Amino acid sequence: MSRLYGDKENIDSNWVKDFFNERAKKDVDSDLSIVLFQDKENSEQRHLEEKKIFHKYIDVSGKKVFEFGCGIGRWAEALHDKCESYLGIDFSENLLDIAKRTYADKENCHFQFMSATDIKIDELLVKPPFDVFITSGFLLYLNDDDLKIIVDNMNLLGSEDKKVFIMEPTSCMDSRLTLKDFYSEGLEVDYSAIYRTKDEYLEFFEPLNYNSLIVDTIFDDLSDHSETDYKFFVME
Ligand SMILES: C[S@@+](CC[C@H](N)C(=O)[O-])C[C@H]1O[C@@H](n2cnc3c(N)ncnc32)[C@H](O)[C@@H]1O
Numbered sequence: 000m001s002r003l004y005g006d007k008e009n010i011d012s013n014w015v016k017d018f019f020n021e022r023a024k025k026d027v028d029s030d031l032s033i034v035l036f037q038d039k040e041n042s043e044q045r046h047l048e049e050k051k052i053f054h055k056y057i058d059v060s061g062k063k064v065f066e067f068g069c070g071i072g073r074w075a076e077a078l079h080d081k082c083e084s085y086l087g088i089d090f091s092e093n094l095l096d097i098a099k100r101t102y103a104d105k106e107n108c109h110f111q112f113m114s115a116t117d118i119k120i121d122e123l124l125v126k127p128p129f130d131v132f133i134t135s136g137f138l139l140y141l142n143d144d145d146l147k148i149i150v151d152n153m154n155l156l157g158s159e160d161k162k163v164f165i166m167e168p169t170s171c172m173d174s175r176l177t178l179k180d181f182y183s184e185g186l187e188v189d190y191s192a193i194y195r196t197k198d199e200y201l202e203f204f205e206p207l208n209y210n211s212l213i214v215d216t217i218f219d220d221l222s223d224h225s226e227t228d229y230k231f232f233v234m235e
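With the numbering used here applied, the sequence shown covers 0 to 235.
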């Protein structure tokens, strides 16, 4: 049980998978609460605000969207009426069941069981290239080597003018914070996650060779800003 400052310590991806599969079964306020960890009202509010930020920077009209770690598929709700297609992959069967059930009538939305670090390109339900990539509340559950795989996959699966939207909890200290089997009172479990600094993330994103970058901090009310905050990155 630890709270590690600065150290590069790996977290257990099997724990991540089990944690999300168990959360899908929890009796929480709403489906949004499963992945946003807040009550119904606050989760809905946050989902709305995140959608607004996304649409401010990215127009998905006629675009093919790919999400790594899609969970209950809430980004499909935000995009289905504009994009050509949306494909979300996840390694939690239980969360994918919720996504498939919720968006069963959205014909251009697809949810697929697949590890984001072991993508089988030939098996993808929507064929690349993809125009827009999304990660949201996902990269903090990946170790550094796996994060490099995600960036490589964006380059491999993306169109020449791809856009990347990333919204993640980050460290606002000088160095990263890793929670490793750290008891979370709110979630009532031992919890693991890596809060990287903005600069660390930017170093990981360098191979994307983007021409423009927007980074900003959001959700001031969700954080006391002493150690962590929320940031979004838009690269194109
Ligand atoms: C906090 S949820 C966020 C879900 C969704 N992106 C959203 O914003 O609502 C994190 C998701 O990442 C998924 N995940 C974590 N590591 C993964 C991996 N290696 N491969 C696929 N999915 C992964 C989890 O199963 C979970 O659904």
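Backbone N, C-alpha and C define an ideal beta-carbon position, used for all residues, glycine too. The structure presented is a predicted model; accordingly, all values stated were derived computationally and were not measured.
* Asked: Does at least one heavy atom of ligand 1 sit under 7 Å from the Cβ of Leu141?
  -> For the purposes of this step, residue 141 is taken as the residue at position 142 of the sequence shown. Within the cutoff, so yes.
* **Simplified DSSP state of Thr101, which is helix, strand or coil** => Residue mapping note: residue 101 aligns to position 102 of the sequence shown, counting from 1. DSSP places Thr101 in helix when its eight states are reduced to three.
* **Where Ile97 falls, given that 16 or more other Cβ within 10 Å makes a residue buried** => Taking the first residue of the sequence shown as 1, we reach residue 97 at position 98. Looking at its Cβ environment, which holds 16 or more other Cβ atoms inside 10 Å, Ile97 is buried.
* Which listed residue (Met153, Asp180, Trp14, Ile193) has its alpha carbon closest to that of Glu226 -> Against the sequence shown, residue 226 aligns to sequence position 227. Nearest option by C-alpha distance: Ile193.
* Using beta-carbon positions only, say whether Ala77 and Phe53 come within less than 8 Å of one another. => Residue 77 sits at position 78 when you count from the first residue of the sequence shown. Residue 53 sits at position 54 when you count from the first residue of the sequence shown. Yes, the pair counts as a contact, with Cβ atoms nearer than the cut-off.
* Asked: Exposed or buried, Ser84, counting other C-beta atoms within 10 Å across all chains shown (16 or more means buried)?
  -> Mapped onto the sequence shown, residue 84 falls at position 85. Looking at its Cβ environment, which holds 16 or more other Cβ atoms inside 10 Å, Ser84 is buried.
* Asked: Short check: CB of Leu146 to CB of Pro128, under 8 Å?
  -> Residue mapping note: residue 146 aligns to position 147 of the sequence shown, counting from 1. Residue mapping note: residue 128 aligns to position 129 of the sequence shown, counting from 1. Going by C-beta atoms, Leu146 is not nearer than 8 Å to Pro128.
* **Inter-residue Cα distance where the pair is Leu138 and Glu167** => The residue you call residue 138 lines up with position 139 of the sequence shown. The residue you call residue 167 lines up with position 168 of the sequence shown. Rounded to the nearest angstrom, the two C-alpha atoms are 7 Å apart.
* Would you kindly work out how many angstroms separate the C-alpha atoms of Asp80 and Lys55, rounded to a whole number? => Within the sequence shown, residue 80 is the residue found at index 81, counting from 1. Within the sequence shown, residue 55 is the residue found at index 56, counting from 1. Cα to Cα, the separation comes out at about 16 Å.
* For Glu159, does the three-state DSSP call read helix, strand or coil? -> Counting from 1 along the sequence shown, the entry for residue 159 is found at position 160. Note: Glu159 maps to strand in three-state DSSP.
* **Best match in Glu48, Asp160, Asn142 for proximity to Asn208 [C-alpha to C-alpha]** => By 1-based counting over the sequence shown, the position of residue 208 is 209. When each option's Cα is compared against that of Asn208, the closest is Asp160.
* **Limits of the alpha helix (DSSP H) - the one that Val15 falls within** => Walking along the sequence shown from the start, residue 15 turns up at place 16. That run of the alpha helix (DSSP H) goes 12-24.
* Taking the C-alpha atoms as reference points, what is the distance between Glu117 and Glu40? -> As a working note, residue 117 is residue 118 in the sequence shown. As a working note, residue 40 is residue 41 in the sequence shown. Before going further, note that residue 117 is Asp rather than Glu in the sequence given. Each residue's alpha carbon lies about 35 Å from the other.
* Asked: Roughly how many angstroms lie between the CA atoms of Asp26 and Lys99, to the nearest whole one?
  -> For the purposes of this step, residue 26 is taken as residue 27 along the sequence shown, with counting starting at 1. For the purposes of this step, residue 99 is taken as residue 100 along the sequence shown, with counting starting at 1. Answer to the nearest angstrom: the Cα atoms are 19 Å apart.
* Asked: Which residue from Arg45, Glu184, Ile120, Trp14 puts its Cα closest to that of Arg73?
  -> Counted from its first residue, the sequence shown places residue 73 at position 74. Minimum Cα distance to Arg73 is reached at Arg45.
* To do: Taking only the alpha-carbon atoms, compute the straight-line gap between Lys119 and Leu3 and give it to the nearest angstrom.
  => Taking the first residue of the sequence shown as 1, we reach residue 119 at position 120. Taking the first residue of the sequence shown as 1, we reach residue 3 at position 4. In a straight line, the C-alpha of Lys119 is about 34 Å away from that of Leu3.
* To do: State the CB to CB distance for the pair Phe164 and Val233, rounded to an integer number of angstroms; the pair is presumed to be in contact (CB under 8 Å).
  => As a first step, residue 164 is located in the sequence shown; it is residue number 165 there, counting from the start. As a first step, residue 233 is located in the sequence shown; it is residue number 234 there, counting from the start. About 6 Å separates the two Cβ atoms, so the contact holds.
* **Residues near Tyr229 by beta carbon distance below 6 Å, same chain, minus five either side** => Along the sequence shown, one-based indexing puts residue 229 at 230. These residues qualify, in order along the chain: Pro168, Ile217, Phe218.
* Where Val125 falls: helix, strand or coil (DSSP) -> For the purposes of this step, residue 125 is identified with residue 126 of the sequence shown, where counting begins at 1. Three-state result, Val125: coil.
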